[in-house]
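These notes are about the structure you will find just below.
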Amino acid sequence: MLKCRAVWRKLAPLARSASTQCRHNVKTALNNGRRQAFVPATHMSTGPAGGGGSENTLYVVLVGAACLGGGAYAYMTVRGDSKRYEERISELASRSAKEAPESQPPVAPEPEEAAPTSEESAPVAELSGETESASAEEPVTEVPAEPAAPVVEEAEPVAEVPPEAVEEAPPVVEEAPPEPQAEVLEALPAVVESAAEEPVTEAPPAAEPETVQEAPTEPAVTSLPESAPAPEPVSAPLTLPSHAPYLLIGGGTASFAAARSIRARDPGAKVLIVTDEPNLPYMRPPLSKELWFSDDPSVTETLRFKQWNGKERSIYFQPSSFYVKPEELTSAENGGVAVLTGKKVIQMDVRGNKVKLDDDTEISYDKCLIGTGGVPRNLQVIEKAGDEVMNRTTLFRKIEDFKSLDNVSRNVKSITIIGGGFLGSELACALGRRSSETGLEVIQMFPEKGNMGKVLPEYLSNWTTEKVKKEGVRIVPEALVKSVAFKEDKLEILLKDGRQVKTDHIVAAVGLEPNVDLAKSAGLEVDSDFGGYRVNAELQARSNIWVAGDAACFYDIRLGRRRVEHHDHAVVSGRLAGENMTGANKPYWHQSMFWSDLGPDVGYEAIGIVDSSLPTVGVFAKATSKDTPKAATEQSGTGIRSESETEATAVTPVASSTPAPVMEHKDEYGKGVIFYLRDKVVVGIILWNVFNRMPIARKIIKDGEEHADLNEVAKLFNIHED
141 MLKCRAVWRK LAPLARSAST QCRHNVKTAL NNGRRQAFVP ATHMSTGPAG
191 GGGSENTLYV VLVGAACLGG GAYAYMTVRG DSKRYEERIS ELASRSAKEA
241 PESQPPVAPE PEEAAPTSEE SAPVAELSGE TESASAEEPV TEVPAEPAAP
291 VVEEAEPVAE VPPEAVEEAP PVVEEAPPEP QAEVLEALPA VVESAAEEPV
341 TEAPPAAEPE TVQEAPTEPA VTSLPESAPA PEPVSAPLTL PSHAPYLLIG
391 GGTASFAAAR SIRARDPGAK VLIVTDEPNL PYMRPPLSKE LWFSDDPSVT
441 ETLRFKQWNG KERSIYFQPS SFYVKPEELT SAENGGVAVL TGKKVIQMDV
491 RGNKVKLDDD TEISYDKCLI GTGGVPRNLQ VIEKAGDEVM NRTTLFRKIE
541 DFKSLDNVSR NVKSITIIGG GFLGSELACA LGRRSSETGL EVIQMFPEKG
591 NMGKVLPEYL SNWTTEKVKK EGVRIVPEAL VKSVAFKEDK LEILLKDGRQ
641 VKTDHIVAAV GLEPNVDLAK SAGLEVDSDF GGYRVNAELQ ARSNIWVAGD
691 AACFYDIRLG RRRVEHHDHA VVSGRLAGEN MTGANKPYWH QSMFWSDLGP
741 DVGYEAIGIV DSSLPTVGVF AKATSKDTPK AATEQSGTGI RSESETEATA
791 VTPVASSTPA PVMEHKDEYG KGVIFYLRDK VVVGIILWNV FNRMPIARKI
841 IKDGEEHADL NEVAKLFNIH ED
């Protein structure tokens with residue numbers, strides 16, 4: 141800045157002199173030019189006769205034009221600098237008056253800020269007037285006038301910095317605090333006064349360094365009001381991603397399996413799971429099985445359980461450290477899986493490729509999976525019975541339901557389970573075990589003649605019912621509920637045949653209703669026969685939308701259109717959907733399996749269509765100590781037996797050479813195989829206390845062939861070997 145001032149001292153007189161000389165040369169050139177038209181060339185005495193005058197005239201014109209151009213440039217430069225300085229001083233003065241109440245809360249500084257505003261005009265007027273007079277035809281001797289020149293020179297650093305940084309000022313504006321402005325305004329009068337009263341050599345140390353340091357931050361104050369809304373996103377507690385390449389709706393098994401499959405095929409994929417539950421993805425089977433047999437009093441908090449083989453594990457698929465935070469997903473260098481909990485997707489815009497959450501947040505996507513699962517059904521007679529009945533009824537599905545029912549079972553004397561399917565029978569056995577310790581009365585009622593009557597052949601259903609009774613459960617078969625009422629601090633269940641059951645609490649386990657809330661806004665088709673979103677064999681509902689798990693009504697290329705509500709189906713369909721979302725284009729043919737355990741000694745695995753209304757053929761053998769769910773878990777190392785299943789093991793089986801005695805309708809069904817037939821083709825298989833043979837059953841259904849003797853087919857499972 142000191143160099144600039146020194147240069148200005150030398151150039152200012154030259155500029156003024158050049159301007160005056162330029163005007164003088166122009167006048168001379170014009171006069172010579174006029175005389176050239178009427179005076180002969182020989183009249184000129186500066187050159188040889190015969191035309192030298194024209195060359196002199198041209199020379200004069202060129203010199204005059206050059207001087208004129210230089211003078212004009214100098215005049216514009218000086219005037220522009222003066223104008224910019226005047227505008228900057230006026231701007232600072234106006235801002236100080238406007239922003240002083242906000243940036244300077246104390247009352248004392250206000251008079252000081254008002255004074256600079258008024259004092260600024262005097263230096264500006266002097267600078268403006270002096271600059272204009274310099275451009276006029278004033279004698280060059282007036283230029284070095286000491287009182288005026290220092291004002292220009294001292295204020296010039298302030299004026300020179302902004303011209304080069306005028307365009308750069310806005311970025312600096314947003315970062316600077318408001319305080320420096322007051323300091324600058326307070327310093328400016330001192331700078332002007334010191335320029336007029338003190339020698340030039342003393343002024344720079346006193347005023348210039350302070351002014352130069354603060355000058356770049358001055359514009360920052362001006363933009364603070366303009367950027368006032370900017371802090372809002374910073375103060376927001378959570379910044380959700382506005383776009384997810386892979387968006388998975390629902391936080392169940394299907395979504396987790398799809399996310400794992402997507403990441404396997406696309407390691408850098410960014411996957412966002414949105415779930416209305418407050419929990420990370422977890423497996424549901426232990427909620428009605430192993431968790432009830434835990435000896436840990438804090439099991440409802442830890443959600444860790446011991447498998448039949450004694451190994452301990454959590455119901456969560458992965459710990460929280462496995463996932464990326466939702467707000468960090470967009471910037472994750474290697475991608476990842478993020479879970480947005482406690483948020484529900486309420487609307488889908490299929491054409492716009494975006495969804496709307498219950499808090500009005502919108503998230504766009506490239507590929508989307510619907511894995512919303514289902515909601516437990518309830519009996520209409522219970523829903524219409526009033527709040528007293530509803531408050532004493534549990535619809536079992538989630539972690540919160542397990543915690544609630546566990547608490548209820550420890551504080552009431554009687555619990556009635558309505559439903560004889562997988563869930564109802566498993567809960568009945570689990571609570572029945574607890575009844576022997578606490579004296580809890582456990583009642584199970586269902587419209588069928590025996591447990592799992594819709595799945596098992598009647599003879600096997602009756603045998604299973606006796607096993608459930610031995611667990612301490614009171615069975616009420618062929619029960620159709622007519623009404624439920626709350627009387628005398630008890631729930632009275634009246635059956636259509638006149639029987640009446642009194643209890644403290646009800647667990648309704650009467651099936652699952654697929655969650656298709658998004659069908660209307662998304663324009664997706666819902667199957668009228670099976671329920672759920674109707675998808676093709678690739679589990680695709682639209683060009684960039686897939687459905688998996690309980691909510692999918694898919695086309696099975698072997699067994700036709702189906703909808704399955706089991707853990708392994710969620711795993712298989714979720715994995716397939718994830719592969720197809722990354723471009724695999726595979727059809728659904730790998731048959732999922734499901735299993736149920738009625739305690740550590742009785743369990744089964746099933747695959748395909750298992751419906752008691754179909755013809756069945758059962759082949760049984762004597763069971764050993766190895767033929768129990770506990771032994772199967774010890775062998776496979778996992779309580780989720782489908783996790784030990786792989787498609788690679790589904791090879792052509794080799795039949796056993798041991799004879800196959802058929803035990804039909806005996807009183808003891810230790811272990812065996814039940815075949816379900818449709819048009820003489822096996823469409824479903826149950827392995828009763830036969831474990832780790834599911835790949836063989838899967839291949840039999842995949843082949844879809846007729847079998848003349850199913851006893852020979854049963855040999856493939858080696859059930860007659862010890």
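First residue of the sequence shown: 141, per the numbering used here; consecutive thereafter. Glycine included, every Cβ here is placed at the ideal spot set by N, Cα and C. All values derive from a computational prediction rather than experimental measurement.
The residue among ARG838, SER382, GLY810 and SER428 with its C-alpha nearest the C-alpha of VAL647 is SER428.
Proximity to SER623 across VAL641, THR442 and ILE840 peaks at VAL641, based on C-alpha coordinates. In the DSSP assignment, HIS383 is bridged to SER504. Under the Cβ criterion (8 angstroms, minimum of three pairs), the segment 481-498 does not count as touching the segment 593-601. In the three-state scheme derived from DSSP, where H, G and I count as helix and E and B as strand, PRO516 is classed as strand.
Bridge pairing for LEU412: LEU387 and ALA478 [DSSP]. Apart from the 5 residues on each side of it in sequence, LEU567 sits with its Cβ closer than 7 angstroms to the Cβ of SER428, PHE536, ILE557, VAL647 and ALA649 in its chain, given in chain order. With fewer than 16 other Cβ atoms from the protein chains shown falling within 10 Å of its own Cβ, ASN531 counts as exposed. A distance below 8 angstroms between beta-carbons, with the five flanking residues on each side excluded, links VAL821 to the following residues of its chain, in chain order: GLY844, GLU845 and GLU846.
Straight-line spacing of the CA atoms in ILE229 and ARG219 works out to 15 angstroms. DSSP places TRP729 in no alpha helix (DSSP H); its state is neither H nor E. Here PHE457 carries a coil assignment [DSSP, helix/strand/coil]. In this structure ASN419 is in contact with THR481, their Cβ atoms being roughly 7 angstroms apart against a cut-off of 8 angstroms. With contact defined as three or more Cβ pairs closer than 8 angstroms, the segment 694-714 and the segment 389-404 are in contact. THR217 is classed as exposed because its beta carbon has fewer than 16 other beta carbons within 10 Å across all chains shown. Our two residues, ASP696 and VAL750, have alpha carbons roughly 15 angstroms apart in a direct line. Cβ atoms of GLY511 and GLY390 come within 8 angstroms of each other, at about 4 angstroms. HIS645 is bridged by DSSP to ILE555.
With a beta-carbon spacing of about 20 angstroms, ALA681 and LEU699 fall beyond the 8 angstroms limit used to define contacts. Beyond the five residues adjoining it in sequence on each side, TYR422 comes within less than 6 angstroms, by CB distance, of ILE455 and TYR456 in the same chain, given in chain order.
Secondary structure of LEU431 (DSSP, three-state): helix. Taking the CA atoms as reference points, ARG517 sits about 43 angstroms from GLU473. Taking a cut-off of 8 angstroms for Cβ pairs, the segment 596-616 and the segment 568-583 touch, as three or more such pairs fall below it. Here DSSP, grouped into helix, strand and coil, assigns GLU577 to helix. Annotated as distal: ASP644 and ALA619, with beta-carbon spacing of 9 angstroms or more.
Here DSSP, grouped into helix, strand and coil, assigns LYS660 to helix. Secondary structure note for ILE685: its beta strand (DSSP E) is the uninterrupted segment 685-687. Here ASP489 carries a strand assignment [DSSP, helix/strand/coil]. Here the segment 701-709 makes contact with the segment 667-684; the two share three or more CB pairs at distances below 8 angstroms.
Boundaries for SER395: no beta strand (DSSP E) harbours it, while the alpha helix (DSSP H) harbouring it runs 393-405, taken from the DSSP string.
Residue pairing for VAL464: DSSP places it in a beta bridge opposite ALA478.
The Cβ atoms of ALA746 and LYS811 lie no closer than 9 angstroms to each other. In the DSSP assignment, SER623 falls outside any alpha helix (DSSP H) and lies within the beta strand (DSSP E) extending over 621-627. Of the candidates ASP849, LEU658, ASN832 and ALA688, ASN832 places its Cα closest to the Cα of GLY743. Residue burial annotation: GLN520 is exposed, with fewer than 16 other C-beta atoms found within 10 angstroms of its C-beta.
In the assembly as shown, SER395 is a buried residue. Its beta-carbon has 16 or more other beta-carbons within 10 Å.
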